[in-house]
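Colleague: In this note's numbering, the protein residues as written are -3 to 237. We treat Cβ as the ideally placed atom computed from N, Cα and C, and that holds for glycine. Remember, it's a predicted structure, so these values are computed and weren't measured experimentally. Okay, handing you the structure first.
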Ligand SMILES: [Zn+2]
Ligand SMILES: [Zn+2]
């Protein structure tokens, strides 16, 4: 092999690892740099954000939040986590954690750009995972996405939001009211957020309760307003993590 061919092939192999040539869902060849082919993209259940309910992120016909009040200003979601999309999403996840987070971040960025066009964010933040959850999964999807969005938008990533330590474990909370309080005061901000406008990221939301509780902690730390963005929203039947 001539040295030139060798270099060219090495360079191509290098590019292929950076930008996979195959769709991570079905495996067919795609344009370089595309994580998913157009066919599979069409199968993904995008939420029509024109029809979105600002309080739960679902399309208005699926909205079931009229009895809840939320402390965040608005929420926007990119996908419905429906049964028909489940297999595509599972295959996409198997395509590699970082690539999948980058794919979600890019799709979310388009939606965020459109919805929150007039808002100037000071920080991007993410919903933290508990230590046991982190040990089980080895990563925090929300953090991965938030960090990619921070680079895309050039908005600083802020790590203040934490899970409160020394909470009574949920299974040890005996009374009903104790369990309720426990589930409502899970988060704390480990820093001052005076007058900051926050873009809060999570991967999946069901009722918005987690985001609401996280928002409570951010407002308590002085934040001026909190806007949420999630990759996918599930139906009530699927349990929120
Ligand atoms: Zn495909
Ligand atoms: Zn709603």
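From residue 140 to residue 187, what distance separates their C-alpha atoms?
Modeller: Walking along the chain shown from the start, residue 140 turns up at place 144. Walking along the chain shown from the start, residue 187 turns up at place 191. Taking the straight line joining both Cα atoms gives about 21 Å.
Colleague: Give me every residue whose Cβ sits closer than 5 Å to any heavy atom of ligand 1, in chain order.
Modeller: That gives 19, 21, 22, 33, 36.
Colleague: In chain order, what residues have a CB nearer than 6 Å to some heavy atom of ligand 2?
Modeller: So the residues near ligand 2 by this Cβ test are 49, 51, 52, 54, 59, 61.
Colleague: Check whether the Cβ atoms of residue 209 and residue 182 lie closer than 8 Å to each other.
Modeller: As a position in the chain shown, residue 209 is number 213, starting the count at 1. As a position in the chain shown, residue 182 is number 186, starting the count at 1. Closer than 8 Å, so yes.
Colleague: Using DSSP bridges, identify the partner residues of residue 26.
Modeller: Along the chain shown, read from residue 1 onward, the residue named residue 26 stands at position 30. Beta-bridge pairing links residue 26 to no other residue.
Colleague: Let's test the definition: count the other Cβ atoms within 10 Å of the Cβ of residue 65 and tell me whether it reaches 16, buried, or not, exposed.
Modeller: By 1-based counting over the chain shown, the position of residue 65 is 69. So residue 65 ends up on the exposed side.
Colleague: What number of angstroms, rounded off, separates the C-alpha of residue 194 from the C-alpha of residue 221?
Modeller: Residue numbering aside, residue 194 sits at position 198 when the chain shown is read from its first letter. Residue numbering aside, residue 221 sits at position 225 when the chain shown is read from its first letter. Residue 194 and residue 221: Cα-Cα distance of roughly 6 Å.
Colleague: Could you compute how far the alpha carbon of residue 97 sits from the alpha carbon of residue 19?
Modeller: Stepping through the chain shown from its first residue, residue 97 is reached at position 101. Stepping through the chain shown from its first residue, residue 19 is reached at position 23. If I take the Cα positions, the gap works out to 15 Å.
Colleague: Anyone know if the C-beta pair for residue 153 and residue 138 falls short of 8 Å?
Modeller: Position 157 of the chain shown holds residue 153. Position 142 of the chain shown holds residue 138. Cβ atoms of residue 153 and residue 138: not closer than 8 Å.
Colleague: Is it true that the CB of residue 184 sits closer than 8 Å to the CB of residue 160?
Modeller: As a first step, residue 160 must be located in the chain shown, where it is residue number 164. As a first step, residue 184 must be located in the chain shown, where it is residue number 188. A contact, by the Cβ cut-off of 8 Å.
Colleague: Look at the alpha carbon of residue 79 and the alpha carbon of residue 201, and state the distance between them as a whole number of angstroms.
Modeller: Taking the first residue of the chain shown as position 1, residue 79 is located at position 83. Taking the first residue of the chain shown as position 1, residue 201 is located at position 205. Their backbone Cα atoms lie some 15 Å apart in a straight line.
Colleague: Could you tell me how far apart the beta carbons of residue 100 and residue 225 are, in whole angstroms, since I believe they sit closer than 8 Å?
Modeller: Looking up residue 100 in the chain shown gives position 104. Looking up residue 225 in the chain shown gives position 229. No, residue 100 and residue 225 are not in contact; Cβ-Cβ is about 10 Å, not under 8 Å.
Colleague: Pop quiz: residue 261 and residue 112 are said to be a contact at Cβ under 8 Å. What is the actual Cβ separation, rounded to whole angstroms?
Modeller: Missing from the structure shown is residue 261; the chain here goes from -3 to 237 and no further.
Colleague: Entirely within the region 37 to 112 and at least 3 residues each: give me those beta strand (DSSP E) ranges in chain order.
Modeller: The qualifying runs are 70 to 76.
Colleague: Can you give me the start and stop residues for the alpha helix (DSSP H) that residue 158 sits inside?
Modeller: Within the chain shown, numbered from 1, the residue matching residue 158 stands at position 162. Looking at the DSSP string, residue 158 is not in any alpha helix (DSSP H); the run it does join, the beta strand (DSSP E), is 157 to 159.
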